[in-house]
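Heads up, the thing below is written out as structure tokens.
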Amino acid sequence: MVTSMNQILAGERPSHYLGREQNVEELRNNSRMTAWRRKADIVPVIVGGDFNSPSHLDWTNETRDLHGGWQVEWPATKIMEEMNFIDSFREVYPEVDLEPGKIKPVRSFMYAGTEPLKPIPYHRDNDYPSDHYALVTEFDVEEIM
Numbered sequence: 030m031v032t033s034m035n036q037i038l039a040g041e042r043p044s045h046y047l048g049r050e051q052n053v054e055e056l057r058n059n060s061r062m063t064a065w066r067r068k069a070d071i072v073p074v075i076v077g078g079d080f081n082s083p084s085h086l087d088w089t090n091e092t093r094d095l096h097g098g099w100q101v102e103w104p105a106t107k108i109m110e111e112m113n114f115i116d117s118f119r120e121v122y123p124e125v126d127l128e129p130g131k132i133k134p135v136r137s138f139m140y141a142g143t144e145p146l147k148p149i150p151y152h153r154d155n156d157y158p159s160d161h162y163a164l165v166t167e168f169d170v171e172e173i174m
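Quick note: to get our numbering, add 29 to the position in the sequence shown (first position is 1).
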């Protein structure tokens with residue numbers, strides 16, 4: 030039974046290997062990422078991956094009952110938000126209580142830079158030969174001139 034926040038966040042910043050928080054910090058501090066983020070107003074920046082982490086947008090005070098009474102600011106997704114990236118799933122489905130991300134409590138993520146997102150729905154039932162569902166986000170990129 031989970032009895033402390035330290036237990037919940039054990040994999041986020043462990044002392045004996047790089048955890049999820051440190052991985053995203055490396056991304057934030059990467060010189061190429063810094064350069065790309067500076068140009069985000071003219072060149073779209075998209076980050077996707079299996080973060081092996083829930084989202085702080087899903088574990089809020091309003092959704093405590095879905096998570097054993099816990100509200101958690103998961104650091105990896107929080108850092109992505111601090112870098113002004115937009116969680117494409119939460120942008121399309123902003124109400125966690127109506128769409129909690131039923132695939133599992135740990136989601137893969139697709140983040141977009143600062144450009145607004147417009148959902149282009151595409152839904153289909155699939156069987157995937159993987160331990161992960163496919164993550165598809167379609168971005169309609171308009172030329173900026």
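Built from N, CA and C at the ideal position, the CB exists for glycine as well.
Can you tell me whether Ser84 is buried or exposed? The criterion is at least 16 other CB atoms within 10 Å of its CB, across all chains shown.
buried
Can you give me the Cβ contacts of Glu171 inside the same chain, cut-off strictly under 8 Å, excluding the 5 residues immediately before and after it?
none
Quick check on the burial criterion: 16 or more other C-beta atoms within 10 angstroms. Buried or exposed for Val31?
exposed
For the alpha helix (DSSP H) containing Ser117, name the first residue and the last one.
Ser117 to Val121
Integer Cβ distance of Ala141 from Ile75, believed to fall under 8 Å:
6 Å
In chain order, each alpha helix (DSSP H) run of at least 4 residues that lies wholly inside the region 70-118:
104-111
Among Thr106, Asp87 and Ala64, nearest to Gly98 - alpha-carbon criterion:
Asp87
Can you grab the Cα-Cα spacing for the pair Tyr151 / Glu167, in whole Å?
Residue placement at Tyr151 is flagged as unreliable, the pLDDT there being 49, under the threshold of 50; the coordinate-derived value follows with that caveat. Rounded to the nearest angstrom, the two C-alpha atoms are 9 Å apart.
For the alpha helix (DSSP H) containing Thr63, list its first residue and its last residue.
Ser60 to Arg67
Please confirm if the region 97-116 is in contact with the region 39-58, defined as three or more CB-CB distances below 8 Å between the two stretches.
yes
Cβ-based neighbour list, Leu95, same chain, cut-off 7 Å, excluding 5 preceding and 5 following:
Pro129
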